[in-house]
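What follows is a set of notes on a single structure, which appears directly below.
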Amino acid sequence: MFKIYYKLFCAESLRFPTLLFLLLFLLPARADEGMWLPMLIQKKIPQMQELGFRLTAEDIYSVNRACLKDAIVHFGGGCTGEVISAEGLLITNHHCGYGQIQAHSSVEHDYLKDGFWARTKDEELPNKGLTVTFLRRMEDVTEQVLEGVTDQMSEVERQGIIEANIKKISEETLGDMDPKFHSVRITPAYYGNQYFLYLNEIFRDIRLVGAPPSSIGKFGGDTDNWMWPRHTGDFSLFRIYANVDNQPAEYSDDNVPYRPRYHFTISAKGLKPGDFTMVYGYPGRTRQYVLSPAVDYIANRSNPQKIRLRSLRLDVMNREQAKDPAVRIQYSSKNAGVSNAWKKWQGESRGILNARTIGKKEAFEKRFQQWAEASGHQEYITLIPRLKELYSQLEPYLFASEMYTEAVMAVELLRFANTLESTVERSGTARAAEVAERFFKDYYKPIDQEIFELLFTEFYRIMEPFGDLLPSDPAIGEPLPAEASRFAVLAEYLYSNSALADRQKTMDLLAKDPASVLTLIRQDPAFRLVSPFVVKNRDKIQPRIRDINRELNLLYRTWMQAIMEFDSDRIFYPDANSTLRVTYGTVQGYSPADAVMYLPVSTIEGIMQKDDPHIFDYDIPQSLRDIYAARDFGRWETDGTVPVCFIATNHTSGGNSGSPVLNADGHLLGLNFDRVWEGTMSDIEFDPSVCRNISVDIRYVLFIIDKIGNANYLLDELDISE
Ligand code: ARG
Ligand code: GLU
Numbered sequence: 119m120f121k122i123y124y125k126l127f128c129a130e131s132l133r134f135p136t137l138l139f140l141l142l143f144l145l146p147a148r149a150d151e152g153m154w155l156p157m158l159i160q161k162k163i164p165q166m167q168e169l170g171f172r173l174t175a176e177d178i179y180s181v182n183r184a185c186l187k188d189a190i191v192h193f194g195g196g197c198t199g200e201v202i203s204a205e206g207l208l209i210t211n212h213h214c215g216y217g218q219i220q221a222h223s224s225v226e227h228d229y230l231k232d233g234f235w236a237r238t239k240d241e242e243l244p245n246k247g248l249t250v251t252f253l254r255r256m257e258d259v260t261e262q263v264l265e266g267v268t269d270q271m272s273e274v275e276r277q278g279i280i281e282a283n284i285k286k287i288s289e290e291t292l293g294d295m296d297p298k299f300h301s302v303r304i305t306p307a308y309y310g311n312q313y314f315l316y317l318n319e320i321f322r323d324i325r326l327v328g329a330p331p332s333s334i335g336k337f338g339g340d341t342d343n344w345m346w347p348r349h350t351g352d353f354s355l356f357r358i359y360a361n362v363d364n365q366p367a368e369y370s371d372d373n374v375p376y377r378p379r380y381h382f383t384i385s386a387k388g389l390k391p392g393d394f395t396m397v398y399g400y401p402g403r404t405r406q407y408v409l410s411p412a413v414d415y416i417a418n419r420s421n422p423q424k425i426r427l428r429s430l431r432l433d434v435m436n437r438e439q440a441k442d443p444a445v446r447i448q449y450s451s452k453n454a455g456v457s458n459a460w461k462k463w464q465g466e467s468r469g470i471l472n473a474r475t476i477g478k479k480e481a482f483e484k485r486f487q488q489w490a491e492a493s494g495h496q497e498y499i500t501l502i503p504r505l506k507e508l509y510s511q512l513e514p515y516l517f518a519s520e521m522y523t524e525a526v527m528a529v530e531l532l533r534f535a536n537t538l539e540s541t542v543e544r545s546g547t548a549r550a551a552e553v554a555e556r557f558f559k560d561y562y563k564p565i566d567q568e569i570f571e572l573l574f575t576e577f578y579r580i581m582e583p584f585g586d587l588l589p590s591d592p593a594i595g596e597p598l599p600a601e602a603s604r605f606a607v608l609a610e611y612l613y614s615n616s617a618l619a620d621r622q623k624t625m626d627l628l629a630k631d632p633a634s635v636l637t638l639i640r641q642d643p644a645f646r647l648v649s650p651f652v653v654k655n656r657d658k659i660q661p662r663i664r665d666i667n668r669e670l671n672l673l674y675r676t677w678m679q680a681i682m683e684f685d686s687d688r689i690f691y692p693d694a695n696s697t698l699r700v701t702y703g704t705v706q707g708y709s710p711a712d713a714v715m716y717l718p719v720s721t722i723e724g725i726m727q728k729d730d731p732h733i734f735d736y737d738i739p740q741s742l743r744d745i746y747a748a749r750d751f752g753r754w755e756t757d758g759t760v761p762v763c764f765i766a767t768n769h770t771s772g773g774n775s776g777s778p779v780l781n782a783d784g785h786l787l788g789l790n791f792d793r794v795w796e797g798t799m800s801d802i803e804f805d806p807s808v809c810r811n812i813s814v815d816i817r818y819v820l821f822i823i824d825k826i827g828n829a830n831y832l833l834d835e836l837d838i839s840e
């Protein structure tokens, strides 16, 4: 494959590769849409085998014997990770371990910048609060959850019974297991047409083992984020520790590396276009079945406004971070977080436009309506009009709520003031002092002050038509006119008078007697400013959203039933909800635009083409330049180069970061870490012609561990199939 890549650019050997190249893109675009429940994967096995899969449903999910699922964890709640050695070594993305890597970094020991490699197990670094969760078993509990529910009862009654049943089943399932290390989750699928139970085991002693320098782990930064071609070595290594009985435990010096039920074999055999791939992980949230007005709202109203607000924040952060290395570290994780969704929303809105998703949904709704009317089914006939009516009621509240989040609560000082007050109230001043220490470690007032001024100015402009959804006394006792200058004045006042904008003053305040601490926080200008927004949101906006959403969900339950009847040839899968899913596809390039074709594999050549010491995102370590110059690729060399990333047609989403990408034998080919920009609308519509997941090739990971980390002792732990 890599040969083809090269030869494409040399004229004398063009003929043969061109043919191959064409063949490559003539592979039919297969609809590899779907995020399947592991327990029910049996029905997809024939299709998976047609694409080359060589294992069985039992290999993917079994309660009776060790299987692939036993090597997969929900990492920190937001990512996926997988076990790759018998000693509990865990791999996930660099961007998933970013917060931990940053937490251990300082200007002196800058692991973000230089990377980190524990030389022995003693050097592995503990991470307070970090957990990984294994799914032990899942079960369809629809019958038990709906026990006692009748068609005659009101929705409120129905919901009451369901909640009581869920509580009872959870308690019974948990039995005398320690809730600290075990959890039971019961979640609806298809908007409450089905319910599934998940029994999890939670590990709490997770140590950082290795991370490449950001110039490798985050190569391309936010410039390349969500894009192909990509060259990011997006991985980091952790280790799960257990007590001497191999059971989950709190951090302790006496803990030992966890011996997992299963760990992945690593495939260094490589891949080529058309090869089967499967991604097994925890996609967060998709909305595959929503009506056209919901998509219209996301693409044309919510996304553009949120993008605008985040652009303001990012401009300030980028400028200040470029000025000062300490600020760069402080704001690196925050910046990446803000920028990530900011860029995804842009791709998503564009993708929805390009795929004509709204038009397609409208046409579907029209056909459905005709079918419903022909069938005379009264409940179905009124369904779409009722849903649309609810959406029009919901929209202003939802919009306001999103603007509160993206503007008011995006001001660090205001969010902090609010959190501090509730922490003191609920957990006392000692806990609040911890919260404050963590806040100030990464707080840089000049950034926040400027962001406050910009966001409030924009917020009041946007919210003008929604006066009744704004608090009447948002300022420190007086109403705020919308002139920009007023917010500059207010910012100046707020940031020089609030004790909560200053570490020392905050710590002094928290050290006072507990009775007066609350009073003092409540008198602070930051708290007085944010409080009316919090109250308005809590009392006026959120309850309305909850009520309307409850009704929407109810109708969506019927909608799911109805479209399953209407579109009876289609196989439906439940929307992602942070539960474990299987998705499969093949390695394939795509055409992002007229007259442009992307190959599915990138190599180290591309890193060298992008390398530029003057551009932060593309400035690779000198050691990598030297290795390249000497072509010292060792055993990781393939066709004269080193493969770096690849794309495939797997249907993934946020939360799938770090997920294992497996070959037909269930061996690890790479780690999922992203999607291509043209395809980020796959949370709403999966278009097989452009939706691709992006993975880092495991051979690049091994190359980096070996040649950049010089951490060969880690390689010895792995089962590598060559
Ligand atoms: N887009 C990927 C995801 O959604 C990677 C994000 C981290 N990388 C970054 N450059 N911000 O999580
Ligand atoms: N980077 C994403 C994550 O953190 C995965 C990419 C996606 O959204 O597909 O989960």
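Everything in the sequence shown is counted per the working numbering, starting at 119 for the first residue and increasing by one. Backbone N, C-alpha and C fix where the C-beta goes; we use that ideal spot for every residue, glycine too.
TODO: Return helix, strand or coil for residue 147, following the three-state DSSP convention.
DONE: Your numbering for residue 147 matches position 29 in the sequence shown. With a pLDDT of only 41 at residue 147, under 50, the local geometry of the prediction cannot be trusted, and no value is derived from it.
Open item on the list: Give me the residue from 516, 743, 835, 363 with the minimum Cα distance to residue 423.
Closed with: By one-based count along the sequence shown, residue 423 stands at place 305. Among 516, 743, 835, 363, the Cα nearest to that of residue 423 is on 516.
Task: CA nearest to the CA of residue 618, picked from 645, 509, 631, 482 - done: As a working note, residue 618 is residue 500 in the sequence shown. Of the candidates 645, 509, 631, 482, the one whose C-alpha sits nearest the C-alpha of residue 618 is 645.
TODO: For the alpha helix (DSSP H) containing residue 746, list its first residue and its last residue.
DONE: Position 628 of the sequence shown, counting from 1, holds the residue named residue 746. Residues 740–747.
Open item on the list: Please classify residue 653 as buried or exposed, where buried requires at least 16 neighbouring CB atoms within 10 angstroms.
Closed with: Within the sequence shown, residue 653 is the residue found at index 535, counting from 1. Exposed, since its Cβ has fewer than 16 Cβ neighbours within 10 Å.
TODO: Examine the Cβ distances between the region 694–710 and the region 505–520 and report whether three or more of them are shorter than 8 Å.
DONE: no
TODO: Look at residue 392 and residue 705 and say whether their C-beta atoms are less than 9 Å apart.
DONE: On the sequence shown, residue 392 is found 274 positions in, with the first residue counted as 1. On the sequence shown, residue 705 is found 587 positions in, with the first residue counted as 1. Cβ distance < 9 Å, so residue 392 and residue 705 count as in contact.
TODO: Return the chain-ordered list of same chain residues with a C-beta closer than 7 Å to the C-beta of residue 530, the five sequence neighbours on each side being excluded.
DONE: Numbered from its first residue, the sequence shown carries residue 530 at position 412. Correct list, in chain order: 561, 566.
Open item on the list: Suppose you measure from the CA of residue 326 to the CA of residue 315; what does that come to, to the nearest Å?
Closed with: Translated into positions along the sequence shown, residue 326 becomes position 208. Translated into positions along the sequence shown, residue 315 becomes position 197. Whole-angstrom Cα-Cα distance: 31 Å.
Open item on the list: Which of the three DSSP states is assigned to residue 628 in this structure?
Closed with: Looking up residue 628 in the sequence shown gives position 510. Three-state result, residue 628: helix.
Open item on the list: Just verifying my parser: in three-state terms, what is the DSSP assignment at residue 383?
Closed with: Against the sequence shown, residue 383 aligns to sequence position 265. Residue 383 falls in the coil class under three-state DSSP.
- [ ] Express the C-alpha separation of residue 558 and residue 840 in angstroms, rounding to a whole number.
- [x] Taking the sequence shown and counting its residues from 1, one reaches residue 840 at position 722. Taking the sequence shown and counting its residues from 1, one reaches residue 558 at position 440. Residue 840 and residue 558: Cα-Cα distance of roughly 49 Å.
TODO: Could you check the C-alpha separation between residue 333 and residue 471 for me, to the nearest Å?
DONE: Position 215 of the sequence shown, counting from 1, holds the residue named residue 333. Position 353 of the sequence shown, counting from 1, holds the residue named residue 471. Distance between the alpha carbons of residue 333 and residue 471: 34 Å.
TODO: For residue 162, count neighbouring C-beta atoms within 10 Å of its own C-beta (all shown protein chains included) and say buried if the count is 16 or more, exposed if not.
DONE: As a working note, residue 162 is residue 44 in the sequence shown. Result: buried.
- [ ] Determine the burial state of residue 732: buried for a count of at least 16 other Cβ atoms within 10 Å of its Cβ, exposed for fewer.
- [x] Position 614 of the sequence shown holds residue 732. Exposed, since its Cβ has fewer than 16 Cβ neighbours within 10 Å.
TODO: Under 6 Å Cβ to Cβ from residue 687, same chain only, skipping five residues before and after it: list those, please.
DONE: For the purposes of this step, residue 687 is taken as the residue at position 569 of the sequence shown. Taken in chain order, the list of residues that qualify is empty.
Task: Beta-carbon gap between residue 775 and residue 801 smaller than 9 Å - done: Position 657 of the sequence shown, counted from the first residue, corresponds to residue 775. Position 683 of the sequence shown, counted from the first residue, corresponds to residue 801. Result no, Cβ atoms of residue 775 and residue 801 do not sit closer than 9 Å.
- [ ] Specify, as a first and last residue, the run of the alpha helix (DSSP H) that residue 214 falls within.
- [x] Looking up residue 214 in the sequence shown gives position 96. First-last of the alpha helix (DSSP H) with residue 214: 212–221.
Task: Any non-hydrogen atom of the ligand ARG closer than 8 Å to residue 352 Cβ - done: Here the question's residue 352 lines up with position 234 in the sequence shown. Yes; taking the cut-off as 8 Å, the Cβ of residue 352 has a heavy atom of the ligand ARG nearer than that.
Open item on the list: By DSSP's criteria, residue 323 is part of a beta bridge. Which residues make up the other side?
Closed with: Working through the sequence shown from its first residue, we reach residue 323 at position 205. Partner(s): 359.
Open item on the list: Suppose you measure from the CA of residue 447 to the CA of residue 224; what does that come to, to the nearest Å?
Closed with: Taking the first residue of the sequence shown as position 1, residue 447 is located at position 329. Taking the first residue of the sequence shown as position 1, residue 224 is located at position 106. The straight-line gap from Cα to Cα measures roughly 8 Å.
Task: Own chain residues within Cβ distance below 6 Å of residue 535, not counting five before or after - done: Against the sequence shown, residue 535 aligns to sequence position 417. The residues are 618, 644, 645, 648.
Open item on the list: DSSP three-state label for residue 715, please.
Closed with: Taking the first residue of the sequence shown as 1, we reach residue 715 at position 597. Strand at residue 715.
TODO: Quick one: using the 10 Å Cβ neighbour count with 16 as the cut-off for buried, is residue 342 buried or exposed?
DONE: For this step, residue 342 is matched to residue 224 along the sequence shown. Classification for residue 342: buried.
Task: the ligand ARG heavy atom lying under 8 Å from the CB of residue 775 - done: Taking the sequence shown and counting its residues from 1, the one referred to as residue 775 is at position 657. Yes; taking the cut-off as 8 Å, the Cβ of residue 775 has a heavy atom of the ligand ARG nearer than that.
Task: Cβ neighbour criterion (16 or more within 10 Å) applied to residue 826 - done: Here residue 826 refers to the residue found at position 708 when the sequence shown is read from its first residue. With 16 or more other Cβ atoms within 10 Å, it is buried.
Task: In chain order, each alpha helix (DSSP H) run of at least 4 residues that lies wholly inside the region 445–520 - done: 475–493, 496–499
Open item on the list: I want to check one thing, is the minimum distance from the CB of residue 213 to the heavy atoms of the ligand ARG below 8 Å?
Closed with: Taking the sequence shown and counting its residues from 1, the one referred to as residue 213 is at position 95. Indeed, a heavy atom of the ligand ARG lies less than 8 Å from the Cβ.
- [ ] Look up residue 203 in the DSSP assignment and say whether it is helix, strand or coil.
- [x] Against the sequence shown, residue 203 aligns to sequence position 85. Looking at residue 203 - three-state DSSP - the assignment turns out to be coil, as it is neither helix nor strand.
Task: Buried versus exposed, by CB contacts within 10 Å (16 or more), residue 130 - done: As a position in the sequence shown, residue 130 is number 12, starting the count at 1. Because the pLDDT of residue 130 is 34, which lies under 50, any placement of that residue in the model is unreliable, and the number read from its coordinates should be weighed accordingly. With fewer than 16 Cβ atoms within 10 Å of its Cβ, residue 130 is classed as exposed.
Task: Identity of the residues DSSP links to residue 702 by a beta bridge - done: In the sequence shown, counting from the first residue as 1, residue 702 sits at position 584. Note: residue 702 sits in a beta bridge opposite 396.
TODO: Using three-state DSSP, classify residue 690 as helix, strand or coil.
DONE: The sequence position of residue 690 within the sequence shown is 572, counting from 1. If DSSP states are grouped into helix, strand and coil, residue 690 belongs with coil.
TODO: Compare the C-alpha of residue 808 against each of 714, 383, 477, 570 and name the closest.
DONE: By one-based count along the sequence shown, residue 808 stands at place 690. Considering only alpha carbons, the answer is 714.
TODO: Take the Cβ of residue 740 as the centre, count every other Cβ of all protein chains shown within 10 Å, and call the residue buried at 16 or more, exposed below.
DONE: Counted from its first residue, the sequence shown places residue 740 at position 622. Residue 740 should be labelled exposed.
Open item on the list: Runs of 3 residues minimum, wholly inside the region 208–279: which ones carry the beta strand (DSSP E) assignment?
Closed with: 250–258
Task: Sub-9 Å separation of residue 635 and residue 550 beta-carbons - done: Walking along the sequence shown from the start, residue 635 turns up at place 517. Walking along the sequence shown from the start, residue 550 turns up at place 432. Cβ distance < 9 Å, so residue 635 and residue 550 count as in contact.
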